[in-house]
Each structure stands twice: as structure tokens, then as C-alpha cells.
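The numbers in the sequence shown follow my numbering, run straight up by one, and end at 133. Built from N, CA and C at the ideal position, the CB exists for glycine as well. Computed from a prediction, not measured in an experiment: that's the story for all the values here. These notes concern the structure reproduced below.
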Amino acid sequence: MAAVAGVEGATPAASSTAAPAEDSEPSALASATLAPAPSSATRPARLPLARVKALVKADPDVTLASQEAVFILARATELFVETIAKDAYIYAQQGKRKTLQRKDLDNAIEAIDEFAFLEGTLD
């Protein structure tokens with residue numbers, strides 16, 4: 011339960027008081043699950059919302075874009091990039107590398123059904 015509170019953006023003080031109550035949880039796991047909380051609390055979106063809004067407005071079919079819609083699009087994009095990068099990184103690790111290459115993205119796109127819509131886009 012402490013990990014959920016940490017992910018939801020609880021203050022560091024609240025997270026640190028909840029962690030000692032669960033003595034059976036390994037400390038490495040607790041620190042790994044609570045570490046992202048401060049960054050998400052200080053900045054809710056990593057992509058610049060003004061640029062996302064400009065991209066949305068570049069579509070001639072879009073006349074208005076609320077700030078909430080722009081935020082959701084930015085967050086969804088962040089999650090998508092994070093997911094495909096993690097999956098591609100697995101292939102980089104198999105090649106004993108730490109740097110992602112195009113072939114890693116190609117391998118992830120080919121191997122994972124969620125990315126089937128991307129097949130042929132990197133050609």
C-alpha cells in the first residue's frame with residue numbers, strides 16, 4: 011500500500027512513515043517503488059505542453075484543444091515512448107549493449123503484438 015501512495019504523489023514524509031510499517035518488504039524494493047514519486051510530484055509532464063498543443067493545433071481538423079486534453083496526450087505519449095524504449099532495451103541487452111539502436115526498435119516492433127501498427131514505419 012505504501013508503494014501506491016508513493017506513486018500517486020504522496021509527500022516524501024508520508025512515504026517514509028509508511029515504509030517502516032511494512033517490515034517484510036525488502037528495502038531495495040521499497041526504495042525502487044518510491045523513487046519516482048518526487049519527480050512526478052514536481053513536474054507532472056516531461057514533454058513541453060506548449061509544443062504538444064502546437065502539434066495538436068497543426069491538425070486542420072482540430073479547432074480547440076483543452077489544457078486537459080493536451081496533458082493527457084502528452085502523458086500518453088510519454089508512456090508509449092517509455093514502453094517501447096524498455097522493450098527495445100531488452101534487445102540491446104541481448105546484444106551486450108546499453109545504447110538503443112534502430113535494430114532494437116525493429117526487433118521490439120516485430121516481436122510484440124502491441125506494436126504491430128508500427129511495422130514498416132521505420133523503413
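Cβ neighbours of residue i in the same chain (closer than 8 Å, five flanking residues each side left out)
i: K108; result: A102
i: L83; result: V62, V66
i: V72; result: V66
Close beta carbons around residue i, own chain, < 7 Å, minus the five adjacent residues each side
i: D123; result: none
i: E78; result: none
i: L128; result: I119
i: Q104; result: none
i: F125; result: I94, A118, I119
Helix, strand or coil at residue i according to DSSP, with G and I counted as helix
i: K67; result: helix
i: L83; result: helix
i: Q111; result: coil
i: T93; result: helix
i: D133; result: coil
i: S41; result: For S41, the predicted structure reports a pLDDT of 37, less than 50, and the residue's modelled location is therefore unreliable. A value from the coordinates is still provided. Three-state DSSP puts S41 in a helix.
i: Y57; result: Strictly speaking, residue 57 in this sequence is Leu, with Tyr absent from that position. In this structure, L57 counts as coil in the three-state DSSP scheme.
i: V62; result: helix
i: I119; result: helix
i: A126; result: helix
i: L75; result: As written in the sequence, residue 75 is Ala, which differs from the Leu given in the question. Looking at A75 - three-state DSSP - the assignment turns out to be coil, as it is neither helix nor strand.
Whole-Å CB distance - residue i paired with residue j, under 8 Å assumed
i: K67; j: A75; result: 6 Å
Of the listed residues the options, nearest to residue i (C-alpha basis)
i: I94; options: E78, R85, L115; result: L115
i: T87; options: V72, P58, D71; result: P58
i: F81; options: D69, D71, A64; result: A64
Beta-carbon contacts of residue i that lie in its chain and below 6 Å, excluding the five residues immediately before and after
i: A98; result: L110, D114, L115, A118
Contact check, residue i vs residue j, beta carbons under 8 Å
i: R3; j: L89; result: Outside the shown range of the chain (11 to 133) lies residue 3, about which nothing can therefore be said.
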